[in-house]
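Structure first, commentary second.
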Amino acid sequence: MSRGLILAIESSCDETAAAVVERGSHTLSSVVASQIATHARYGGVVPELASREHLRAIVPVVRAALAQASVTLADLDAIAVTSGPGLAGALLVGITYAKALAFAAALPLIAVNHLEGHIHAVLLNERETAPPASSDPDEPALALVVSGGHTHLYLARPTSGAWHYSLVGRTLDDAAGEAYDKVAKLLGLGYPGGPWIDALALHGNPRAVPFAFSQIKTKLHLAGKAPRTKAAKTAPIADLDPHFLFSFSGIKTAVLRYVELHNLRPEAESRRETLFTGPEAPAKPTVEDALATCDPQTLDLIASFQHAVIGDLMKKTFAAAEALGAKRILITGGVAANRELRSRFIAEGIARSVFISFPTLALSTDNAAMIAAAAWPRFLAREFAGPDLSANPSLALGR
Ligand code: KG4
Ligand code: ZN
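For the sequence shown, the working numbering assigns the number 308 to the initial residue and increments by one for each residue that follows.
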């Protein structure tokens, strides 16, 4: 009898991941090989290096996922793979290998949208632990996908097992995670910047620097004057309510101005030298190492930046939930690992009687278990990909 086992492969950005999940609800294995060490010295993901690292890692990662699940290819029911959005060369490594495995083992192939995967990370987590106590899982949920590449709001509706998504809002320029990474870089902190800012923000005053987000004007985006960015290509904006649109490039510039005005740049450069590039730099700098190199003004700046970004995410997400009558908000993607984000969303959810769910920290950042979970309803509906499946770097989710 079929066990409903799906092997999923994820290679859209800088993690090579494979997982075996039973019936979209029980993770037998989830292996993630991170390329952080490769990209860290460049302060961001270098696409060519990402493809090369995926090529190196894909076979051992898939083998490890099968071994840890104690299964062989013969035990599987399908192979799932991320087909977009993401880096073209990186996606192609996973897709090509998934196709070869599916062909060799005569298994169906399922193409999964990476963003849908992030949403299913929360659902998988709920199925594996306890279902939400105070919310009906069949009710529509508002999903905030907040990562290095995306800041998107979707209304997710389950209808007889399948999920449907409508785009409600998104960023016009930088993703929230991108802003974290760029601000960390200009402050001389490591890559990725999110975890450094998360940890250091605890030591600063979040109200020291009053960063403000201006209201996005309808006319600006309808006139097509919004910056042409990666994010702008992955989803149209003309039909969206401007109250649910985000923009994070301004706060990055505001932080830069603050650094220049207060002459914090020399301090940032010496911090980078002490922690990451200099001859005395520790092999693996810790938060304590970083803390020792930050003066109170820098810590206040970090705490204020984070406070402002999270405040803006909350304001627009809760406004969208209210406007759409959603009683449940799922928050997922790398930035959903952030401690202040989690505690403030939960507190506001309690105040407004809106149920807030997060994935575990391991399921927040890129992984393949979420891809297998998103593939399960497609497996049941026999929605299989053909041998011509190709990478779609700007694949959109919903309409
Ligand atoms: O989902 P993810 O692993 O990859 C993408 O699909 O982009 O997200 C990575 C992003 C990076 O920008 C990283 O700085 C951010 O998530 N991130 C965080 C935290 N952990 C990772 N941002 C804020 N706080 C964190 N604790
Ligand atoms: Zn992601």
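Don't be surprised by glycine CBs; every beta carbon is placed ideally from N, CA and C.
Keep in mind that this is a model prediction, so the values were computed, not measured.
* **Residue range of the unbroken beta strand (DSSP E) whose run includes N420** => L416 to N420
* Cα-Cα separation, S454 to G640 -> 5 Å
* **One or two residues paired with G391 in a DSSP bridge** => N420
* To do: Quick one: which unbroken beta strand (DSSP E) runs of 3-plus residues sit fully inside the stretch 427 to 499? Chain order, please.
  => 448 to 453, 458 to 466 and 469 to 477
* To do: Could you check which residue in A698, N432 and L582 has the C-alpha nearest to that of L668?
  => N432
* **Beta-carbon proximity list for A530, same chain, < 8 Å, skipping 5 on both sides** => Low confidence applies to A530: its pLDDT is 45, below 50, so where it sits in the model is not reliable, and the reading given next is rough at best. For A530, where only same-chain residues beyond five positions count, there are no Cβ hits under 8 Å.
* Could you check the C-alpha separation between G391 and G456 for me, to the nearest Å? => 12 Å
* To do: Report, in whole angstroms, the separation of the C-beta atoms of D481 and F555, which I expect to be a contact under 8 Å.
  => 4 Å
* Do you know how far the Cα of L479 is from the Cα of L571? -> 29 Å
* Asked: In chain order, which beta strand (DSSP E) runs of at least 3 residues are fully inside the stretch 629 to 695?
  -> 635 to 639 and 662 to 664
* Asked: Just to confirm, does A644 get its C-beta within under 7 Å of one of the non-hydrogen atoms of the ligand KG4?
  -> yes
* **Proximity to A692 [Cα-Cα], best of A315, A387 and V369** => A387
* Inspect the beta-carbon positions of Q342 and E317 and report whether they are closer than 8 Å. => no
* To do: Report back the beta-carbon spacing between I663 and I638 to the nearest angstrom; my notes put them in contact at under 8 Å.
  => 7 Å
* Compute the beta-carbon to beta-carbon distance between L704 and E423, rounded to the nearest angstrom, for a pair I have assumed lies under 8 Å. => 6 Å
* Is there at least one non-hydrogen atom of the ligand KG4 closer than 7 Å to the beta-carbon of T624? -> no
* I657 burial status per 10 Å Cβ neighbour count (16 or more: buried) -> exposed
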